[in-house]
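**Student:**
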Amino acid sequence: MLSRRRMLTMTASAMGAVAVGAATGNKAEAARPRRIPYGACVRVDPLQKELDYRAAIQTYCQQITPEGGLFWGPLRPTRDQFRFENADAVLAFAEANGMTMRGHTLIWYGTMPKWTDDIEGAAEAEHEMTTHIERVVSRYRGKVKTWHVVNEPIDDTKGDVPGLRPNIWLRNLGDRYIDLAFRTAHEVDPAAELVINEYDIECADGTSPKRREVFLKLIRDLVARGVPLHGVGLQGHIKGKYEIDRDGVYGFVSEIRSLGLKAHVTELDVIDYDLPGRIGTRDAIVAARAHDFLEAIFAAARPSVIATWGITDRYTWVPIWYKRRDGLPNRPLPLDDHYQPKPLWNVIDYFCNK
Ligand code: 9MR
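If you read the sequence shown in this note's numbering, its first letter stands for residue 68, the second for the next number, and so on.
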């Protein structure tokens, strides 16, 4: 699965760069001007109840984002409600610890509350979308400096070249919904950095090239229309079974850069569903995949952030969809379920300092 040569190459570069087990992403390092911030999405429950979880976030992160608190589902249980408690708690923790909070996400097809099914027609859709963005972005104006404005706009591919992913906005507004989301966010907070975020563009499994192609076309069109877009998020939910399509990633980020946009690594983790069970082998493959992904990105441009989707294997979305058949717990993240750094952390730390 991972050739001995690959393991050795990686050991010599990333893995050898820092002592395994060292937690080097602390605040002193964060003060160094050139370190790329490391970030993670966080869950409020353990943030409030678990000392070890808090300590891990404090030790490693310079940036955090609420994992779900800004999804429409929990935020907007009814048309009139905005429940900011979750995101506010994450922001308070960030501010108390000298970190920034990233906004995830304003427009996404996922976790939409039932009442939004009733949104009908362009006028109502535009009203609901702009009201939402105005309320959320204005609440955090000057505090949340980066927003994932539109999340996962490209549909999955069934072998074909995918189109835009169906959602209530596309249905009611057509593809101009993306322009509208960005323009509204920009009007509300002109200083905010606005990002479009997408997954499955890095794997050598045959699907990524098609998704990259469509995503790039969308990005080029947005830039050509003068839409206030500043960055492109490569989520990086890497499918561990496959090699990284290094040339594809390099070409993609090069083009992002030539369009004057920044690359962001927004949701890195390695889906270890079908990797070998043995922990040493599995962790090495996970680290190698992330290494190859980050190396290909860095060859084209230094990203603005390297963020993982969670920090510890104890709290990860991966088993929701990718529970292992052998019953072993998933290990997709930089710290294990006892908050010990894994080889993946060393890779991330190495690239943050690069
Ligand atoms: O991690 C999130 C998980 O807790 C939620 O249940 C899930 C809802 O669909 O969304 C997860 O986060 C997703 C993120 O917002 C967008 N990219 C994919 C992430 C994993 O599904």
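We treat Cβ as the ideally placed atom computed from N, Cα and C, and that holds for glycine.
Touch check for the region 326–338 and the region 297–310: three-plus C-beta pairs under 8 Å?
**Tutor:** Touching, yes, given that three or more Cβ pairs across the two stretches are closer than 8 Å.
**Student:** Can you have a look at H215 and say buried or exposed, based on whether 16 or more other CB atoms are within 10 angstroms of its CB?
**Tutor:** Counted from its first residue, the sequence shown places residue 215 at position 148. The residue is buried, with at least 16 neighbouring Cβ atoms inside 10 Å.
**Student:** Is any heavy atom in the ligand 9MR found nearer than 7 Å to the beta carbon of Q130?
**Tutor:** By one-based count along the sequence shown, residue 130 stands at place 63. Q130: no, Cβ never under 7 Å from the ligand 9MR.
**Student:** What's the gap between the Cα of Y399 and the Cα of I373?
**Tutor:** Locating residue 399 in the sequence shown gives position 332, counting from the first residue. Locating residue 373 in the sequence shown gives position 306, counting from the first residue. With the sequence shown as reference, residue 399 is identified as Pro, and Tyr is not the correct amino acid for it. Straight-line Cα distance between these residues: approximately 15 Å.
**Student:** Relative to the alpha-carbon of T255, which residue among V203, L285, R278 has its alpha-carbon at the smallest distance?
**Tutor:** By one-based count along the sequence shown, residue 255 stands at place 188. Before going further, note that residue 255 is Val rather than Thr in the sequence given. Of the listed residues, the one whose Cα sits closest to V255 is V203.
**Student:** Report yes or no: do three or more beta-carbon pairs, one from the region 356–368 and one from the region 303–322, lie closer than 8 Å?
**Tutor:** With a cut-off of 8 Å, the region 303–322 and the region 356–368 count as touching, because enough Cβ pairs lie within range.
**Student:** For the alpha helix (DSSP H) that contains C270, what are its first and last residues?
**Tutor:** Counting from one through the sequence shown, the residue named residue 270 turns up at place 203. Neither: C270 is in no alpha helix (DSSP H) and is coded neither H nor E.
**Student:** List the residues that DSSP assigns as beta-bridge partners of I338.
**Tutor:** For this step, residue 338 is matched to residue 271 along the sequence shown. DSSP lists K306 as partners of I338.
**Student:** Quick one: complete beta strand (DSSP E) runs, 3+ long, within the region 107–140?
**Tutor:** The region 107–140 contains these whole beta strand (DSSP E) runs: 130–133.
**Student:** Going by the CB atoms, is the gap between P229 and R278 shorter than 8 Å?
**Tutor:** Taking the first residue of the sequence shown as 1, we reach residue 278 at position 211. Taking the first residue of the sequence shown as 1, we reach residue 229 at position 162. Cβ distance < 8 Å, so R278 and P229 count as in contact.
**Student:** Could you check if G177 belongs to the surroundings of the ligand 9MR, using beta carbon to heavy atom distance under 7 Å?
**Tutor:** By 1-based counting over the sequence shown, the position of residue 177 is 110. Yes, since a heavy atom of the ligand 9MR falls inside the 7 Å radius drawn around the Cβ of G177.
**Student:** With hydrogens ignored, establish whether the beta-carbon of W182 is closer than 7 Å to any heavy atom of the ligand 9MR.
**Tutor:** For this step, residue 182 is matched to residue 115 along the sequence shown. Answer for W182: no, Cβ out of range of the ligand 9MR.
**Student:** So, is Q148 buried or exposed, given that buried needs 16 or more other C-beta atoms within 10 angstroms?
**Tutor:** In the sequence shown, residue 148 corresponds to position 81, counting from 1. Exposed: under 16 other Cβ atoms inside 10 Å.
**Student:** Using the C-alpha atoms, what's the distance from A252 back to R208?
**Tutor:** Counted from its first residue, the sequence shown places residue 208 at position 141. Counted from its first residue, the sequence shown places residue 252 at position 185. Those two C-alpha atoms are separated by around 10 Å.
**Student:** Could you check whether the Cβ of N413 sits closer than 7 Å to any heavy atom belonging to the ligand 9MR?
**Tutor:** Position 346 of the sequence shown holds residue 413. Every heavy atom of the ligand 9MR is 7 Å or more from the Cβ of N413, so no.
**Student:** Taking the alpha carbon of P343 as the reference point, which residue from A363, K308, D359, P133 has its own alpha carbon closest?
**Tutor:** In the sequence shown, residue 343 corresponds to position 276, counting from 1. P343 has its Cα closest to that of K308, out of A363, K308, D359, P133.
**Student:** Please work out which residues of its chain come closer than 8 Å, Cβ to Cβ, to R324, disregarding the five sequence neighbours upstream and downstream, and give them in chain order.
**Tutor:** Numbered from 1 along the sequence shown, position 257 holds the residue referred to as residue 324. The residues are A330, A367, A368.
**Student:** How big is the Cα-Cα spacing for V157 and W376?
**Tutor:** Taking the first residue of the sequence shown as position 1, residue 157 is located at position 90. Taking the first residue of the sequence shown as position 1, residue 376 is located at position 309. Their backbone Cα atoms lie some 15 Å apart in a straight line.
**Student:** Taking 7 Å as the cut-off, is the CB of E269 close to at least one heavy atom of the ligand 9MR?
**Tutor:** In the sequence shown, residue 269 corresponds to position 202, counting from 1. Checking the Cβ of E269 against the ligand 9MR gives no.
**Student:** I'd like to know whether the C-beta atoms of Q302 and E280 end up nearer to each other than 8 Å.
**Tutor:** By one-based count along the sequence shown, residue 302 stands at place 235. By one-based count along the sequence shown, residue 280 stands at place 213. No, the pair does not count as a contact, with Cβ atoms beyond the cut-off.
**Student:** Check whether the region 349–361 and the region 389–405 are in contact - that is, three or more C-beta pairs closer than 8 Å.
**Tutor:** A contact exists between the region 349–361 and the region 389–405.
**Student:** Name, in chain order, the residues that DSSP records as bridge partners for T167.
**Tutor:** Against the sequence shown, residue 167 aligns to sequence position 100. Answer is Q130.
**Student:** Quick check: what's the CA-CA separation for D404 versus A357?
**Tutor:** As a position in the sequence shown, residue 404 is number 337, starting the count at 1. As a position in the sequence shown, residue 357 is number 290, starting the count at 1. Each residue's Cα considered, the two are about 19 Å apart.
**Student:** Could you give the first and the last residue of the continuous beta strand (DSSP E) run that contains A374?
**Tutor:** By one-based count along the sequence shown, residue 374 stands at place 307. Run containing A374: 373–375, per the beta strand (DSSP E) assignment.
**Student:** State the Cα-Cα distance for the pair A123 and P408, rounded to the nearest angstrom.
**Tutor:** Indexing the sequence shown from 1 puts residue 123 at position 56. Indexing the sequence shown from 1 puts residue 408 at position 341. Looking at the two C-alpha atoms, the distance is approximately 10 Å.
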